[in-house]
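In the order they appear, the protein sequences are chains A and B. Take 399 as the starting number for the first sequence in the working numbering and just add one per residue. Take 562 as the starting number for the second sequence in the working numbering and just add one per residue.
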Amino acid sequence: MVLADLGARLRGALSSVESGSDDEIQQMIKDICGALLESDVNIKLVAKLRDNIRSQIASSNIAQEASPMNKRKKLQKVIYDELCGLVDSHVEPPKPKKINASTKTIKGKKVKLSKESSHVIMFVGLQGAGKTTSCTKLAVYYKKRGFTVGLVCADTFRAGAFDQLKQNAIKANIPYYGSYLEPDPVKIAFEGVSKFKQEKFDIIIVDTSGRHRQEQQLFTEMVQIGDAIQPTQTIMVMDGSIGQAAESQARAFKESSNFGSIILTKMDGHAKGGGAISAVAATKTPIVFIGTGEHIGDLEVFKPTTFISKLLGIGDIQSLIEH
Amino acid sequence: YFGGAINVDEVSKKFHDQLISKNIAPQTSKSIIEKIKLKLQNKSNITMAVYQQTLTDELTKILTPNVSTDLLYDIKKQKTRGTRPYVISVVGVNGVGKSTNLAKLAYWFLQNNLNVLICACDTFRSGAVEQLKVHVNNLQKLNDMSTTTSSKIELFEKGYGAGDHVVQTAKSAIQFATDEKFDIVLIDTAGRTHSNAKLMAPLKKFGDAADPDKIIMVGEALVGTDSVEQAINFNNAFGNKRNLDFFIISKVDTVGDLVGTMINMVMATKVPILFVGTGQTYTDIKRLSVKQVVEMLMK
Ligand SMILES: Nc1nc2c(ncn2[C@@H]2O[C@H](COP(=O)(O)OP(=O)(O)OP(=O)(O)O)[C@@H](O)[C@H]2O)c(=O)[nH]1
Ligand SMILES: Nc1nc2c(ncn2[C@@H]2O[C@H](COP(=O)(O)OP(=O)(O)OP(=O)(O)O)[C@@H](O)[C@H]2O)c(=O)[nH]1
Ligand SMILES: [Mg+2]
Ligand SMILES: [Mg+2]
């Protein structure tokens, strides 16, 4: 799908190396960098990657390899490592746990016994990135795995935001919380989270308005919501087609919200996701899911190393690592 | 430095990279720079100032529309003819700002004393109809407070639905607007993936049935290289007799001076930019300042 183009170009660049002469290798590097630029990877990042590849190739004695086959394998390993370095942040986002469900009846009222607290996930991101849609998708994903999930609409700004979340939640049969009247998103977020916490939901997902770094007030609001609900995990939702602005926006969101993972949306089109790769590199934060459509089931788990091996057409990574 | 002769190849490479860093797609940047090189090839002693001026002129030429963008004039002309209301439709990929910028257009028309019927033809996405309802309520209130206008605005909707629901809704809205003497029908449509043929095909049917006077694609300033293909595919979606009329480039306030998307979309299609979206309120819609955009790209 999405990555086919970039993958084909990367593989083409690699396989065009025959004798392993310096000229060929320089051409390969040029092709790879060209392919990355066309996928919206930040231009400075590409320049850095190019230098890294050059120095790795120099230090790994590729010229000494006898067979072209071995040369290509070694080159592939260098490229693989460098590309993984781009998208692999080596950070594991926190995993939600199921709250012990045992109950006791006190004064005729059923009370859950567990002292454990709900896993609160706050969504942040630019306008129209796909936050509201992805909230429900993630809720459905966890519900299928046996978690109890509640949705909170803390977007009081966007016209029709609550209706959108509500209609999605009803379709997916997920409990939701929101208000048509309360204008303060901090208040709604706090009330919604408190309510679902009291009811011992395993996971509470909080949707917020779209915002951008140029408007300080919007960022302040995001920080206030975060302070009020103390999320276990903050997810930045990013549009897969975003271009060169990705890096500065992601950095600003990181500074203010300290998000711990990224969901990359709209990857069902031809977008190549390079902007998001730049965001990952700039914020050292992993992409955990990708959105692949408008329906509530269109969400896939994302594994950076698998992604890169697919790009390079490597079926069996193990063989490469042993090499 | 500015006075001395430069190495055109070196400087070209530098500007090629600069354009990419401003969010112009690599292929687009390449073809612009090649054109500059061609223009300069027979000149000797080219200075930095000459190079910059040539590039500035080229970028200006790309962005300057060669058709009239005076929409109000067009609408008023049609109004005096009194045949049917002026129909405008917005299209584009998901989440770019179609509905919001449609509401901004409505506000602008109301202020110009034109009666607006908004038609909810995004009958797919959750909350899309309610979103427009909120906008129309807000605009009605704003309009009632205004002492200088006597225009009206209403929402036409037939709820959600698939199949030919969209076409039916659009047709009924235009009929209703004709009967009720609305000057303009603004039709919102669902966002769609430009590379998904199944989603793009209904646009042709919709275009044929509603026969809008203007089809406006909303493109988002944040989008990178994909913007080229987005523009091309939407421009081709209405059959070989019909093209897009205008772009509105939204979310320009979110990209600083990385305004290259405008060049990507206009160069790919030759469709002019009508407005740029610069925020989330009803007044955040501005005429394109070509000069300002080119300055940002050259900086
Ligand atoms: N094709 C496709 N469309 C998507 C995907 N995720 C979201 N969308 C669409 O993108 C548009 C915007 O999504 P929303 O969920 O409203 O985005 P948001 O970030 O909540 O927007 P704001 O609240 O206005 O900032 C909608 O039309 C969604 O249907 C995806 O993975 N693929
Ligand atoms: N900063 C900024 N935000 C904008 C602008 N235009 C629209 N938005 C925001 O972008 C988000 C998406 O806008 P919509 O109008 O719902 O987009 P759409 O294209 O109709 O989305 P779908 O119908 O879901 O495809 C909203 O949060 C808007 O407030 C703009 O010019 N600047
Ligand atoms: Mg939303
Ligand atoms: Mg819309």
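The C-beta atom is built at its ideal place from N, Cα and C for all residues, glycine as well.
Quick check on residue 722 of chain B: buried or exposed, where buried means 16 or more other Cβ atoms within 10 Å of its Cβ? exposed
Are three or more beta carbon pairs between the stretch 755-771 of chain B and the stretch 646-662 of chain A nearer than 8 Å? No, because fewer than three Cβ pairs between the stretch 755-771 of chain B and the stretch 646-662 of chain A fall closer than 8 Å, the two stretches do not touch.
Taking DSSP as the reference, what is the three-state secondary structure of residue 610 of chain A? coil
For chain D, is any of its Cβ atoms less than 9 Å away from the one on residue 555 of chain A? The structure shown contains no chain D; the protein chains it does contain are A and B.
Compute the distance between the beta-carbons of residue 632 of chain A and residue 599 of chain A, then report whether it is under 9 Å. no
What number of angstroms, rounded off, separates the C-alpha of residue 859 of chain B from the C-alpha of residue 765 of chain B? 39 Å
If you draw a straight line from the alpha carbon of residue 454 of chain A to that of residue 425 of chain A, how long is it in whole angstroms? 16 Å
At which residues does the beta strand (DSSP E) containing residue 780 of chain B begin and terminate? From DSSP, the beta strand (DSSP E) with residue 780 of chain B extends over 775-781.
Rounded to a whole number of angstroms, what is the C-alpha to C-alpha distance between residue 717 of chain B and residue 839 of chain B? For the pair residue 717 of chain B and residue 839 of chain B, the Cα-to-Cα distance works out to about 27 Å.
At 7 Å on the CB atoms, spell out the chain A contacts of residue 691 of chain B, in chain order. 558 and 561
Considering only their Cβ atoms, is the gap separating residue 715 of chain B from residue 666 of chain B smaller than 9 Å? no
Less than 8 Å between the CB of residue 592 of chain A and some heavy atom of ligand 2, yes or no? no
For residue 527 of chain A and residue 688 of chain A, I'd like the C-alpha separation in whole angstroms. Roughly 12 Å separates the two Cα atoms.
What do you get for residue 686 of chain B, buried or exposed, if any count of 16 or more other CB atoms within 10 angstroms of its CB means buried? buried
What in chain A is Cβ-close to residue 812 of chain B, meaning under 9 Å? Residues of chain A whose Cβ lies closer than 9 Å to the Cβ of residue 812 of chain B are, in chain order, 524, 525, 526 and 610.
If you measure beta-carbon to beta-carbon, which residues of the stretch 624-653 of chain A are closer than 9 Å to chain B? 637, 638, 639, 640, 641, 642, 643, 644, 646 and 647
Heavy atom of ligand 2 within 8 Å of residue 606 of chain A beta-carbon: no
With distances taken from CA atoms, which of A/483, A/574, A/552 and A/565 is nearest residue 581 of chain A? A/552
Could you say which of B/645, B/632 and B/696 lies nearest to residue 663 of chain B if we only look at CA atoms? Answer by Cα proximity: B/696.
C-alpha distance - residue 479 of chain A paired with residue 471 of chain A, whole-angstrom precision: 12 Å
As an exercise, report each continuous alpha helix (DSSP H) stretch of at least 4 residues that is fully enclosed by the stretch 798-845 of chain B, in chain order. 821-830
Could you have a look at residue 666 of chain B and say whether DSSP puts it in helix, strand or coil? Residue 666 of chain B falls in the helix class under three-state DSSP.
Beta-carbon contacts of residue 643 of chain A that lie in its chain and below 8 Å, excluding the five residues immediately before and after: Setting aside the 5 residues that flank it on each side, residue 643 of chain A is surrounded in the same chain by 673, each with a C-beta closer than 8 Å to its C-beta; the list follows chain order.
Any idea if residue 647 of chain B is buried or exposed, counting beta-carbon neighbours within 10 angstroms, 16 or more meaning buried? So residue 647 of chain B counts as buried.
Does the distance between the C-beta of residue 697 of chain B and the nearest non-hydrogen atom of ligand 2 fall short of 8 Å? no
Could I get the ranges of all uninterrupted beta strand (DSSP E) runs contained in the stretch 608-695 of chain A, with 3 residues as the minimum, in chain order? Assignment of beta strand (DSSP E) within the stretch 608-695 of chain A, counting only whole runs of 3 or more residues, yields 631-637, 659-663 and 685-689 in chain order.
Quick one: what does DSSP say residue 724 of chain B is sitting in, helix, strand or coil? coil
Taking 8 Å as the cut-off, does the stretch 638-655 of chain B touch the stretch 599-617 of chain B (at least 3 CB pairs, one atom from each stretch)? no
Just to confirm my understanding: we take residue 598 of chain B, look at its own chain, exclude 5 residues before and 5 after, and list those with CB closer than 7 Å. What are they? 569 and 573
Excluding the 5 residues preceding and the 5 following residue 605 of chain A in the sequence, name in chain order all residues of the same chain whose CB lies nearer than 8 Å to its CB. Taken in chain order, the residues that qualify are 521, 529, 530, 533, 549, 550, 551, 552, 553, 559 and 563.
Using a threshold of 8 Å, is the CB atom of residue 635 of chain A nearer than that to any non-hydrogen atom of ligand 6? As for ligand 6, it is missing from this structure, which binds only ligand 1, ligand 2, ligand 3 and ligand 4.
Under 8 Å (Cβ pairs) to chain A, residues found in the stretch 567-596 of chain B: Answer in chain order: 578, 581, 582, 583, 584, 586, 587 and 588.
Using the beta-carbon of each residue, which ones in chain B are nearer than 7 Å to residue 435 of chain A? At a beta-carbon threshold of 7 Å, the residues of chain B lying near residue 435 of chain A are 581 and 587, ordered along the chain.
Give the interface partners of residue 715 of chain B over in chain A, defined as CB-CB distance under 7 Å, in chain order. Simply none; closest approach about 16 Å.
Please return the same chain residues whose Cβ sits closer than 6 Å to the Cβ of residue 675 of chain A, not counting the five positions on each side in sequence. 439, 484 and 485
I need the straight-line Cα distance from residue 707 of chain A to residue 458 of chain A, nearest angstrom please. 20 Å
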